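Down below is the structure, laid out as structure tokens.
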Amino acid sequence: MRGPVRFVTMLLLVVALSPVGVRADTYDTATLVGITTTSKDDVQFLYDRQIDIVGVRGDVVKALVTAEQLEMLFDSGLKVEILYAEMQEDRQRWSEASASFTLATSYYTPSKFNTVNPPAGSLMEHLLQQHDAHPDITRLHNLGASQDGAYDIIAIEVSKNPDVVEAEPKIRIYANIHGDEKGGAMVACDVLDTILAGYTAVPQDSTAERLVDGTEMWFIPIGNPYGNANSTRYNSRSVDCNRNFWGPSGSDAPPAWSEAETAVIRDLTEAATADHAKKRFAVSISFHEGEVVFNSVWNYTTAAPTDEPIFWSSRTGGTGCGSQTIPNCPTLAPHGLAQAYKDGCTMPGFWYTEGYDWYGTRGDTNDWAYGAWTDLDTTVELNTTKTPPAAQIPVYCAEHRQAVLNYMLKAFQGIHGVMTDQSTGAPLDGTVAVTATASADVPVPHAYQAVFTDPLAGDFHRILQPGTYTVVCNAPGHMTTTLTGVVVTADTATVADCPMSATGLSYSSSTLADSCSGGGAYSGDGILDAGEDATLAVTLGNPGSAAATSVQGTLSSTAPGVTITRGSASFADVPGGGTGASFSPHFGFSVGAGVACGTVIPFGIHMAAAQGAWDGNFSVTVGQTSVGTPQTLLTESFDGTTFPPTGWAQVDVSGTAGNWARSTNTVHPSGGGTHSGAGLAYFNSYTAASGSTTRLYRTAGFAIPSSAASASVSFWFYHSTPLPNSNDQVQVQVSTDGTSWSSVGAPVPRYDGSTGWKQHTVSLDAYIGQSSVRVALLGVSVFGYDCHIDDVGVTYIPQGACTMHACDAVPTADLAASLSAPSAVATNGNLGYALGVTNHGPAAAASVQLATSTPANTSFVSMTAPGGWSCSTPAAGASGAVVCTAPTLGASASANFSMVVKVDWCAGNGTTIAGSATVSASTGDPLAPNNGASAVTTVVDDGTCDDGNACTSGDACGGGICAGTPIAGPPEVDDGVQVGRSGTDAVLTWTPPASAASSSVIRGRLDALPVGSAPADELCLASRLPVPTATATDADVPEVGRGFWYAVRGENSCGNGPYGYQGQNGAPTVPEVSFACP
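Each residue of the sequence shown is one higher than the last, beginning at -11 in the working numbering.
Right, dumping it as structure tokens:
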């Protein structure tokens, strides 16, 4: 704010400019003043108070102010001059223009829309004449009435097929929004007339042919008919219509679109009416007067629009501003819109600028058209004076004619296409974004603002410079379509259509279920460990509008140590805008035991449906990683008095006005303290010209360990609110050689709506593992307020400890059973089995069990097991299970067994005896098929039931037992037993009985007749003497007079026969004592 000196011009003199009886004009409600500014604070002061700035020359701002604003300006201390002479000249010209309609060269006048009897000299009359002369290619439109209702805003459409919405660029030429700037209406009509005349000329003009056949042009020559009729800048409610559009930073009062004159322009683009469809203009021009300048967007801020390369190669250091003294002077971009205008413009002193670099406005046509609809709308100031004398109309029209045509022809340069639903072919209302990937004129990569398609034709037109581009197409309810390698050449339309699918699939999420075959507490805990198996349930999303049906997924991964165990899965139908999950069985994979904790496993998923196929990617991490403790590599507090601090330096990057310095408080704005400590650093963007950049950088590099999980640079920035549209910035930069610097992260703006210190952090992850990293802070001046920083630091976070509970492989023992037996066995014969258990490892087997049983038609006889084994068996002759167990069986060890069973008598010839055995253990067995063994033996028999007992006859089977009628033993030895003497021996003779196989002889005593020394002696003399033996000798003859007896019986396998005997004094008694025969 300036001091108390005041420069006052008598207000009463203003009254003298309004002679009695003269029609009202701009200066009846506003006064034209020149305001001398000495700093950006002064300009911001005007901007904040919504002073209607109409031009800037050097440090003098030309503005229209109300009486209240004028008094306020005088009170402010700013130097204010009322521009009486200029106002008088304007009024003179307006008066001449109003009277010129009777002349051959005159300004068109506004009127109501009237195709029957338009007023003479009116715009309506002229446009109707052109339509009548060119009815096939023109249409007249009444866009709507002016705010006061006295006039209509009239447009003429020019196209080869004006009744059809075609896939072609749409162009708007709009003029006289400020009613006292009437020259724009004449230039607009001059260009219109030139095109129409050229199209019907013989030979046909090529420019006119290309524009009429290939575009849809809308000319709106008088946008503020009330202002035109009354030679006033404003409409009937004293509103500046070019401050009443929507803007990124709002609009001046009253609110946007409050006026009929702006609403009809909005509705031409944004509303479908009975008169017209929504028009997505590709390029436009808004004509003004009061300067001779090409004024591109933005007008509300110095920030660069994303489409800046279409206008300027650079906004600093150029010559585009001619002799003007403005903060930034642009260099016109080759093949760009400004260059195209320059190539055709012959207006003396014409110059070029970005809007806010000249002066700022809010709510103007350009910023709305571009900001809301990506219409490359440019303000062209046609004359330094508003509404020049009518005699000059042909002159300045000719000076701008070719320039305007050149600008319009640029609608054909770039990427043009149609967006359609690929299933129905219907056009779509969507957006198309492009990124330059290679260009001689544009630094790459560079992303441009997305353009809109025409809602009826689906066409889009993205004006670009020569280069190679990637095109990304989007439409509600449809999948994104991306086109790469699209090449644009100068003044040529490159066709790149966007077929859009209403169905699409993409990876959405997944749920992992882990399992360890060895079990344990960490199996199934949701954390993937090495050695585990995993089931992966996947959810797919469909951002389209139509359902994906018959959905199948295929999982893949090339990660070492990862095996896909189930690579395909089916999915539920995925509705448009919804999700669908995989059905069980889900995807499956296993992780090798050697996969390290923290390994990121990348997966690819191919998604196929009846409507198409898509591919996606996602990843799963092995183990669980904790966050490491941050480590500091660099700190700088700027508390020391030396600047730059030790290890730091600064250098101008663009311009020479930029400078970093130290302070103990904020400078502009003043009075703010440091973030901490005694000092801070600041960049002088308050005094440095816009575009000045200076790098404050570290001279020595530092290493960021390759083991770092992340790295970053942080600093504290003091934000301030003055001059919000001059948004100075700090950009972090990095170098690995101290020479080449790269910007990292987004620039940090000084203005963010707040006041005070905030910390900002920028990732340095891309430089992990680099051994010589230098950081810098690039101050970027937008001629606003200073950029203050403090407490710069570089830190990295080491890889945190990765926790993993490896799934150890479960000990396994491959146990094998063996069983062998003879191929044949006889009925009632013993059948022997050789059984074996072998442990093929690799681990010892625990709790080993061999299980078998007596086969059918057999009974148990015996089981023999090796040491260390115990067996449970049936009783001999019974049947049942035979189980042998051992506590362990070592790897590569074996155990052999033998089991005997007896075949039943009743097992007939050909009967098969099936033996089997199985082995098991508590230790896992990876190979189950060899756990069992079997053998088959066939019974061989003559078919007769014979129990093998010669003492039975008539054998028969019953319950597996063969039995018959018993046969008796031999008959009694007859009484022919004879006793003789041979010396001292007794000699016995007898006749063996029939069927006897042997004989037995017993000697005994007779009562009262002792024999030998033992009175009760009984002795077996002979046993089982084979037939035909029939004699025996007794050497112990009793004494004379003693009594004795001899008994003889026959014996065979069926039993013993009765005794025959020889003795004295009666029959023999049963022996009391019997001695076994030798």
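Yeah, the Cβ is synthetic: ideal placement off N, Cα and C, and Gly gets one too.
These numbers come from a predicted model, not from an experiment.
Which residue's Cα is closest to the Cα of residue i: the options?
i, options, result
"Ala535", "Thr800, Ala596 and Glu624", "Ala596"
"Pro843", "Pro862, Thr261 and Glu247", "Pro862"
"Ser702", "Ile777, Trp339, Gly604 and Val870", "Ile777"
"Leu915", "Ala921, Ala801, Phe885 and Ser988", "Ala801"
"Val1078", "Gln135, Gly137, Lys158 and Ala138", "Residue 1078 lies beyond the stretch modelled for the chain, which goes from -11 to 1066, so this question has no answer here."
"Cys461", "Gly726, Pro959 and Leu416", "Leu416"
"Val1082", "Ile41, Asp47 and Tyr288", "Lying before the first or after the last residue shown, residue 1082 is absent from the chain, which here runs from -11 to 1066."
"Gln719", "Ser751, Thr334, Gly726 and Val736", "Val736"
"Asp973", "Ala951, Ser988, Ser983 and Leu1009", "Leu1009"
"Arg1071", "Val48, Thr257, Glu56 and Ser511", "What is shown of the chain runs -11 to 1066, which leaves residue 1071 out entirely."
"Thr551", "Pro590, Gly628, Ser572 and Phe571", "Pro590"
"Glu44", "Gly22, Gln32 and Asp120", "Before going further, note that residue 44 is Val rather than Glu in the sequence given. If we check each option's Cα against that of Val44, Gly22 comes out closest."
"Glu197", "Lys148, Pro875 and Glu154", "Lys148"
"Phe626", "Asn653, Thr609, Val608 and Asn605", "Asn653"
"Thr353", "Trp234, Val871 and Ala812", "Trp234"
"Gly632", "Ser651, Val641, Pro830 and Ser642", "Gly is not the amino acid found at residue 632; the sequence shown has Pro there. Taking only the C-alpha atoms, the option nearest Pro632 is Ser651."
"Gly549", "Gly903, Asp521 and Ile314", "Asp521"
"Ala944", "Ser970, Ala982 and Asp892", "Asp892"
"Pro1016", "Tyr162, Ser1041, Ala984 and Val770", "Ala984"
"Ala138", "Thr182, Thr93 and Asn223", "Asn223"
Which same chain residues end up closer than 7 angstroms to residue i when comparing Cβ atoms and leaving out the 5 residues on each side of it in sequence?
i, result
"Gly332", "Gln390, Ala391, Leu393 and Asn394"
"Arg254", "Trp245"
"Tyr358", "Val285, Pro293, Leu364 and Asp365"
"Trp82", "Asp13, Asp168, Ser219 and Thr375"
Do residue i and residue j have their C-beta atoms closer together than 8 angstroms?
i, j, result
"Gly1038", "Pro954", "no"
"Tyr773", "Ser708", "yes"
"Leu452", "Ile381", "no"
"Asp561", "Val539", "yes"
"Val459", "Ala478", "no"
"His434", "Ala424", "yes"
"Ser680", "Ala645", "yes"
"Ala866", "Phe885", "no"
"Tyr214", "Ser134", "yes"
"Gly211", "Ile165", "yes"
"Ala185", "Pro209", "no"
"Gly1048", "Ala956", "no"
"Ala557", "Gly541", "yes"
What does a CB cutoff of less than 8 angstroms around residue i pick up in its chain, not counting 5 residues either side in sequence?
i, result
"Ser785", "A quick correction: the sequence has Ile, not Ser, at residue 785. Closer than 8 angstroms at Cβ, skipping near neighbours: Val615, Gly616, Thr617, Pro618, Gln619, Ala696, Ala697, Ser698 and Ala699."
"Leu803", "Val825, Thr826, Asn827, His828, Ala833, Val836, Leu877, Val907, Ser908, Ala909, Asp913, Asn918 and Asn919"
Cutting at 6 angstroms between CB atoms, please list the residues of its own chain near residue i, excluding the five before and the five after it.
i, result
"Val475", "Thr456"
"Ala996", "Residue placement at Ala996 cannot be trusted, given a pLDDT of 47 that sits under 50; what the coordinates show is reported in the next sentence. For Ala996, where only same-chain residues beyond five positions count, there are no Cβ hits under 6 angstroms."
"Gln1050", "Val965, Val967 and Tyr1034"
"Gly306", "Cys317, Pro318 and Thr319"
"Pro107", "Ser99"
"Ser860", "Val871"
"Thr1021", "Asp973 and Val975"
"Gln599", "Thr491 and Ala536"
May I have the straight-line CA-CA distance separating residue i from residue j, to the nearest angstrom?
i, j, result
"Pro1046", "Leu819", "40 angstroms"
"Ala501", "Ala490", "33 angstroms"
"Gly665", "Ile39", "42 angstroms"
"Gly726", "Ala291", "29 angstroms"
"Ser728", "Phe690", "16 angstroms"
"Asp355", "Asn230", "10 angstroms"
"Gly635", "Ala734", "25 angstroms"
"Ala481", "Thr587", "49 angstroms"
"Asp442", "Phe559", "37 angstroms"
"Gly660", "Gly667", "12 angstroms"
Does any residue of chain B bring its CB to less than 8 angstroms from the CB of residue i?
i, result
"Asp181", "Absent from the structure: chain B. Only one protein chain is present."
For the pair the stretch 317 to 333 and the stretch 290 to 308, tell me if three or more CB-CB distances fall below 8 angstroms. The stretch 290 to 308 and the stretch 317 to 333 touch, with three or more beta-carbon pairs separated by less than 8 angstroms.
Does the stretch 571 to 588 come close enough to the stretch 743 to 760 to have 3 or more Cβ pairs within less than 8 angstroms? No, because fewer than three Cβ pairs between the stretch 571 to 588 and the stretch 743 to 760 fall closer than 8 angstroms, the two stretches do not touch.
Per the contact definition of three or more C-beta pairs closer than 8 angstroms, is the stretch 545 to 563 in contact with the stretch 516 to 532? Yes, the stretch 516 to 532 touches the stretch 545 to 563.
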